[in-house]
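S.K.:
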Amino acid sequence: MRQRQEAKRMAEIVSFASGKGGVGKTLLTAALGIFLSRKGKKVLLIDGDMGMRNMDLVLGLENECFYHVMDLAEGRCFAKDVILEVNDHLDFLPAAQNDTWETVFPAAMDTVLEDVEDKYDYILLDCPAGRGEGIRFAEHLSDHMFLVVAPSWASKRNAERLMTGPRKRYMTYVLNQFSLSGDTQISLTDMLETLDEESVSAAIPYTEEADRLAHQGELSDFSEKGALGEALALFWKSYKEEKQIPLSRWKKLLWKAEEENAREKAPVKTAPAGLSWHSGSRSYKWQRRR
Numbered sequence: 004m005r006q007r008q009e010a011k012r013m014a015e016i017v018s019f020a021s022g023k024g025g026v027g028k029t030l031l032t033a034a035l036g037i038f039l040s041r042k043g044k045k046v047l048l049i050d051g052d053m054g055m056r057n058m059d060l061v062l063g064l065e066n067e068c069f070y071h072v073m074d075l076a077e078g079r080c081f082a083k084d085v086i087l088e089v090n091d092h093l094d095f096l097p098a099a100q101n102d103t104w105e106t107v108f109p110a111a112m113d114t115v116l117e118d119v120e121d122k123y124d125y126i127l128l129d130c131p132a133g134r135g136e137g138i139r140f141a142e143h144l145s146d147h148m149f150l151v152v153a154p155s156w157a158s159k160r161n162a163e164r165l166m167t168g169p170r171k172r173y174m175t176y177v178l179n180q181f182s183l184s185g186d187t188q189i190s191l192t193d194m195l196e197t198l199d200e201e202s203v204s205a206a207i208p209y210t211e212e213a214d215r216l217a218h219q220g221e222l223s224d225f226s227e228k229g230a231l232g233e234a235l236a237l238f239w240k241s242y243k244e245e246k247q248i249p250l251s252r253w254k255k256l257l258w259k260a261e262e263e264n265a266r267e268k269a270p271v272k273t274a275p276a277g278l279s280w281h282s283g284s285r286s287y288k289w290q291r292r293r
């Protein structure tokens with residue numbers, strides 16, 4: 004983990020890693036960035052998943068990524084050319100599509116961060132899944148690393164492999180995509196029984212809304228008053244205040260997410276555009292005539 008330079012204002016750098024893919028890490032990172040930006044914080048999202056980038060898709064910016072982080076690191080463009088605005092308080096730095104961390108010169112990436120971090124309150128880094136140079140670089144530069152764990156034993160085991168060595172005191176787990184529907188391999192209660200309670204920062208529920216919006220490139224539209232928004236608020240409170248949130252609070256949000264998901268899946272009833280029978284008048288009337 005990096006040493007802060009007190010003489011210069013520095014953004015707090017927080018990274019999100021996982022032992023395996025498919026745990027919702029990118030969606031979670033982007034959603035937290037959106038949440039913090041709504042609170043007036045200046046945030047930079049960095050897609051660090053070299054060669055496998057998809058945060059641009061979640062944010063709906065895939066057609067605006069003309070440059071990427073390696074172009075900036077190697078001097079082929081300026082920061083203003085590659086950093087994209089999501090909203091007034093949230094920016095995005097895309098990953099390279101054809102590079103890998105094994106080909107990245109770490110000093111060049113250090114320079115990128117040094118050039119931009121005084122402009123932000125937080126920099127959120129979406130790391131590649133698994134172990135490798137990307138994870139080692141994130142460990143080096145981050146103030147804190149969240150290990151994202153999906154409701155499966157394989158995800159838990161792989162995340163535990165990342166929490167090793169002296170840097171583990173800067174790492175905590177975020178349990179993600181949990182639900183009460185019984186569709187998951189492991190329940191929230193069972194997962195928490197196998198982990199050190201103090202090592203868990205949050206339990207984020209799975210919501211159909213966030214999944215749908217992410218696939219549409221419209222994640223910025225998720226409801227702050229919904230289960231995901233409330234979970235992100237508790238998550239950040241737990242992290243910043245170093246407080247443990249009671250299990251009952253997380254379970255309450257999982258129940259709320261279940262109710263939201265049921266409404267999201269419910270078929271929408273719409274009246275036909277043509278003739279409609281109105282029993283009161285015993286006649287046909289045109290609807291939505293133009």
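The numbering of the sequence shown is the working numbering, which starts it at 4 and goes up by one. The beta carbon of each residue, even a glycine, is placed where N, CA and C say it ideally should be. The structure presented is a predicted model; accordingly, all values stated were derived computationally and were not measured.
Our contact map puts Ala230 next to Leu256 with C-beta atoms below 8 Å; I'd like the distance itself, whole angstroms only.
M.R.: The count along the sequence shown starts at 1 and reaches residue 230 at position 227. The count along the sequence shown starts at 1 and reaches residue 256 at position 253. 5 Å between Cβ atoms; contact.
S.K.: When the Cβ atoms of the region 123–141 are set against those of the region 20–33, are three or more pairs found closer than 8 Å?
M.R.: Judged by Cβ distances under 8 Å, the region 123–141 makes contact with the region 20–33, as three or more pairs qualify.
S.K.: Please check the pair Phe149 and Thr175, which I expect to be a contact at CB under 8 Å, by giving their CB distance rounded to whole angstroms.
M.R.: Numbered from its first residue, the sequence shown carries residue 149 at position 146. Numbered from its first residue, the sequence shown carries residue 175 at position 172. Confirmed, Cβ separation roughly 6 Å.
S.K.: Grab the span of the alpha helix (DSSP H) containing His143 for me, first residue to last.
M.R.: Start at 1 with the first residue of the sequence shown, and residue 143 comes out as number 140. It spans 136–144 - the alpha helix (DSSP H) in which His143 sits, taken as one unbroken run.
S.K.: Among the residues of its own chain, which have a CB less than 8 Å from the CB of Glu263, if the five just before and after it don't count?
M.R.: Reading the sequence shown from its first residue, position 260 is the one you call residue 263. The residues are Thr210, Glu211, Glu212, Gly229, Ala230.
S.K.: If you run the structure through DSSP and keep just helix, strand and coil, what is Tyr70?
M.R.: As a position in the sequence shown, residue 70 is number 67, starting the count at 1. Here Tyr70 sits in coil by DSSP.
S.K.: From the DSSP output, read off the bridge partner residues of Ser18.
M.R.: The count along the sequence shown starts at 1 and reaches residue 18 at position 15. For Ser18, which the question treats as bridged, DSSP gives the partners Leu128, Met148.
S.K.: In terms of DSSP beta bridges, what is Glu88 paired with?
M.R.: Within the sequence shown, numbered from 1, the residue matching residue 88 stands at position 85. Glu88 is bridged to Asp94.
S.K.: Measure the alpha-carbon distance for Asn101 versus Cys68 and round it to whole angstroms.
M.R.: Here the question's residue 101 lines up with position 98 in the sequence shown. Here the question's residue 68 lines up with position 65 in the sequence shown. Whole-angstrom Cα-Cα distance: 13 Å.
S.K.: Apply the 10 Å Cβ neighbour rule to Asn179 and answer buried if 16 or more other Cβ atoms are within range, or exposed otherwise.
M.R.: The sequence position of residue 179 within the sequence shown is 176, counting from 1. Buried is the call here.
S.K.: Between which two residues does the alpha helix (DSSP H) holding Leu48 run?
M.R.: As a working mapping, residue 48 is identified with position 45 in the sequence shown. No alpha helix (DSSP H) contains Leu48, which is instead part of the beta strand (DSSP E) from 46–50.
S.K.: Under DSSP, the alpha helix (DSSP H) around Ile37 begins and ends at which residues?
M.R.: Along the sequence shown, one-based indexing puts residue 37 at 34. Start and end: 28–41.
S.K.: Per the DSSP calculation, Asn296 is bridged to which residue(s)?
M.R.: Limits of the chain in this structure are 4 at one end and 293 at the other, which puts residue 296 out of reach.
S.K.: Taking 6 Å as the limit between beta carbons, can you name the residues of its chain near Tyr242, skipping five residues before and five after?
M.R.: Your numbering for residue 242 matches position 239 in the sequence shown. Hits under 6 Å: Ser204.
S.K.: Going along the chain, which residues of its own chain have a beta-carbon closer than 8 Å to the beta-carbon of Asn161, five neighbours each way excluded?
M.R.: To locate residue 161, count along the sequence shown from 1; it is residue 158. Within the same chain, Asn161 has close Cβ partners Ser21, Gly22, Lys23, Gly133.
S.K.: May I have the straight-line CA-CA distance separating Arg291 from Asp193, to the nearest angstrom?
M.R.: Locating residue 291 in the sequence shown gives position 288, counting from the first residue. Locating residue 193 in the sequence shown gives position 190, counting from the first residue. Confidence at Arg291 is low in this model, with a pLDDT of 40, below 50, so the placement of that residue should be treated as unreliable; the coordinate-derived value is given next. Their backbone Cα atoms lie some 53 Å apart in a straight line.
S.K.: Is it buried or exposed, Pro249, if we count other Cβ atoms within 10 angstroms and call 16 or more buried?
M.R.: Numbered from 1 along the sequence shown, position 246 holds the residue referred to as residue 249. Flag for Pro249 reads exposed.
S.K.: For Ser155 and Arg56, I'd like the C-alpha separation in whole angstroms.
M.R.: Working through the sequence shown from its first residue, we reach residue 155 at position 152. Working through the sequence shown from its first residue, we reach residue 56 at position 53. If I take the Cα positions, the gap works out to 24 Å.
S.K.: Is Met174 helix, strand or coil when you go by DSSP?
M.R.: Within the sequence shown, residue 174 is the residue found at index 171, counting from 1. If DSSP states are grouped into helix, strand and coil, Met174 belongs with the strands.
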